[in-house]
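Here's the structure we're looking at; comments come further down.
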Amino acid sequence: MDLFVILVYDFNEKRVAKALKIARKYLHWVQNSVFEGELSEANYKKLKIELQAIMHPNEDSVIFYTFRTQKYSKREEFGLKKGGEEFIL
0 MDLFVILVYD
10 FNEKRVAKAL
20 KIARKYLHWV
30 QNSVFEGELS
40 EANYKKLKIE
50 LQAIMHPNED
60 SVIFYTFRTQ
70 KYSKREEFGL
80 KKGGEEFIL
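Laid out in structure tokens, this is it:
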């Protein structure tokens, strides 16, 4: 079963490009350090492992919001649109 995932991260500038590259392999970019999309359980685990491998826990942070369905979610946007157009809820 797929999960809908929202990823928010804050990495030190030395590692932020690596985190961006990893996140883009799995999810759609929404805006600075924010990604979303559907993932299988296996890919969700891979994403977490890859981010944990590059992070320094005393300097970096990662937050995952996971949902079993998008049915009960709502998204509102205001202001400058920063993410890609390829994924719209």
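Quick note on numbering: the sequence shown equals residues 0 to 88 in numbering that gives the first Met the number 0. The beta carbon of each residue, even a glycine, is placed where N, CA and C say it ideally should be. Model, not experiment: these values are computed from the prediction.
{"Asked": "Three-state class that DSSP yields for Leu95 in the structure shown", "Found": "Within the shown structure, residues of the chain are numbered from 0 to 88, placing residue 95 beyond reach of any answer."}
{"Asked": "Contacts around Phe10, its chain only, beta-carbon distance under 7 Å, and the 5 residues preceding and following it disregarded", "Found": "Ala18, Met54 and Asp59"}
{"Asked": "Local conformation of Glu12 per DSSP, three classes", "Found": "coil"}
{"Asked": "Close Cβ partners of Ser39 (< 6 Å) along its chain, the five nearest in sequence each way excluded", "Found": "Asp1"}
{"Asked": "Residue span of the alpha helix (DSSP H) that contains Glu40, given as start and end", "Found": "Glu40 to Ile53"}
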